[in-house]
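What follows is a short report on a single structure.
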Amino acid sequence: MKITLTDTPLLNTQQIGELASSLDAIHTRVLKAIERLNKDVAAKKTEIASRWKHSSGFSGADVARFAQTETLAAIGQIKDNSRAELDGLLKQAGAPHAQLVAQRPFYDSPAKVLSRAALGDPKRTEYLQQLQHAGPAELGHMAQVAAGTKNVALASAVLSLLDKMPSKDRPVGPAELAVAMKLEDYEKVREYIKLGDARLQGILVAVRTCSRAARIRSTPSPSRCVSRRSTMP
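At the far end of the sequence shown sits residue 233, using the UniProt record's numbering, and the numbering has no gaps.
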């Protein structure tokens, strides 16, 4: 199987977790910015309505029209002022998300993670030397021992030897062994990438929903801008 090499840096689990955490923090900032925007809009609408309610010298229709015109202008100004902040937060989310998804090829299968586990560990080298002449039965048993004891160095050594064997002679497949190891790094990174994707989607939905509500409604309702946190994991 041929592959295309890239210069994408391989990040460890902690670094990937920090990227996901960064996206989570930006998502929270977006929700707070929209909440603040909603409050500002509601306060301005109340202020204008109250002021015009006590005005005199105009008909009821004129008062309603004047109040609506002023309200639309004020809300438009508030939203214009907030647009740069929301767009900036959206741009901030782009870089960590791009770094996060770039790690997928390194973590898209347990076998890949196991194959590089314990590299440089003398125990892995020792196991490889001890098992280099092992037959299918012995390798199969060692695979079971590795899975039963969660011995990553042994599992990675057995995986290397299984990979060299013809498929028909393997007592267990490399992928099956890797899955049986229940590798913590693999599981954590999957969750981090899933979280990062969800948070970026949440940011996009929140910003676009707010912008769309401002365009659609002549008198925007604050509730239209609120992003529902409950839809995010």
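C-beta: ideal position from N, C-alpha, C; glycine also.
In the displayed model, VAL172 falls within coil according to three-state DSSP, outside both helix and strand.
By the neighbour-count criterion, in which 16 or more other beta carbons inside 10 Å mark a residue as buried, SER82 falls on the buried side. Between LEU89 and ARG29 the beta-carbon gap is near 6 Å, inside 8 Å, which marks them as a contact. With a cutoff of 8 Å on beta-carbon distance, ILE203 and ILE26 are scored as near each other. With a threshold of 16 other beta carbon atoms within 10 Å, MET142 meets it and is buried. Shown here, LEU119 sits in coil according to DSSP, grouped into three states, outside any helix or strand.
Contact check between the region 180-193 and the region 110-122: three or more CB pairs, one atom from each, fall below 8 Å, which counts as touching. Contact between ASP121 and ALA153 holds, since their C-beta atoms are separated by about 5 Å, short of 8 Å. Secondary structure at HIS133: coil, using DSSP grouped into helix, strand and coil. In this chain, the alpha helix (DSSP H) harbouring ASP163 covers 152-164. Straight across, the Cα-Cα distance linking PHE66 with LYS79 is about 20 Å. For ILE78, the three-state secondary structure derived from DSSP is helix. The alpha-carbon of GLN14 is positioned some 39 Å away from that of ASP40. Excluding five sequence positions before and after LEU114, the CB atoms of its chain that fall closer than 7 Å to its own CB belong to ALA155, SER156, LEU159, ALA178, MET181, LEU183, given in chain order. Cβ neighbours of LEU11 within its own chain (closer than 7 Å, five residues either side excluded): GLN103. According to the DSSP assignment, SER22 belongs to the alpha helix (DSSP H) that extends over 13-53. In the displayed model, ASP108 falls within coil according to three-state DSSP, outside both helix and strand.
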